[in-house]
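Report on the following structure.
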Amino acid sequence: MKPTHIEHIGIAVKDLNEAIPFFEKVYGLECYAVEEVADQKVKTAFFKVGDTKIELLESTDPEGPIGKFIEKKGEGIHHMAFAVENLAEKLTFAEEQGVRLIDKAPRKGAEGLNIGFLHPKSTFGVLTELCEDPNK
């Protein structure tokens, strides 16, 4: 599969209005984008740390994936995302290796990326997102 780098680490939070100032004041990071991804029922905030991003995720619906995650596990690391090229091929390859897929085909995610998730039951308990920048 050979990811090019860790694209981002997703952290589920209850309230972006509380979490963003913490990341800015305590870690000295700058929030450079806030975006709502309606079909995923989430609002995101992004910070850069070198070549990697931190993505804060606030649920816009308690029945959405982040709302359910926080209800079950509380705030914390939700997923890790790898940058890949040829995302559709990488999802097919993962499935051929016996990995259970959440997304069998790429879909649109935040920041205009194409994304696909691998099920944590197949990845040692870590929800894993594969991301491809369609502009590269």
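Just so you know, UniProt numbering puts 117 at position 117 of the sequence shown, and the rest follows in order with no gaps.
Cβ atoms here follow ideal geometry from the backbone N, Cα and C, with glycine treated the same way.
Query                                                                                                         : Result
Ala19 classed as buried or exposed, judged by whether at least 16 other C-beta atoms fall within 10 angstroms : buried
Beta-carbon spacing of Ile54, Phe22 below 8 angstroms                                                         : no
Which of helix, strand or coil DSSP assigns to Phe69                                                          : helix
Range of the contiguous beta strand (DSSP E) that encloses Lys48                                              : 42-49
Beta bridge counterpart(s) of Val26 as assigned by DSSP                                                       : In DSSP, Val26 forms no bridge with anything.
Local conformation of Gly112 per DSSP, three classes                                                          : helix
Closest Cα partner of Gly50 within the set Glu96, Gly98, Pro120, Ile9                                         : Ile9
DSSP-derived helix/strand/coil call for Glu75                                                                 : coil
Per-residue burial, Gly112 [other beta carbons within 10 Å of its own, 16 or more giving buried]              : exposed
Reference Ser59; option with closest CA among Ala94, Asn17, Glu30, Arg100                                     : Asn17
Status (buried if at least 16 other CB within 10 Å, exposed otherwise) for Ile77                              : exposed
Between the CA atoms of Thr128 and Gly82 - distance to the nearest angstrom                                   : A small correction: the amino acid at residue 82 is Phe; Gly does not occupy that position in the sequence shown. Cα to Cα, Phe82 sits roughly 8 angstroms from Thr128.
Inter-residue spacing [alpha-carbon to alpha-carbon] between Lys93 and Tyr27                                  : Reading the sequence as shown, one finds Phe at residue 93 and not Lys. Roughly 37 angstroms separates the two Cα atoms.
Distance between Gln40 and Leu118 (C-alpha atoms, nearest Å)                                                  : 16 angstroms
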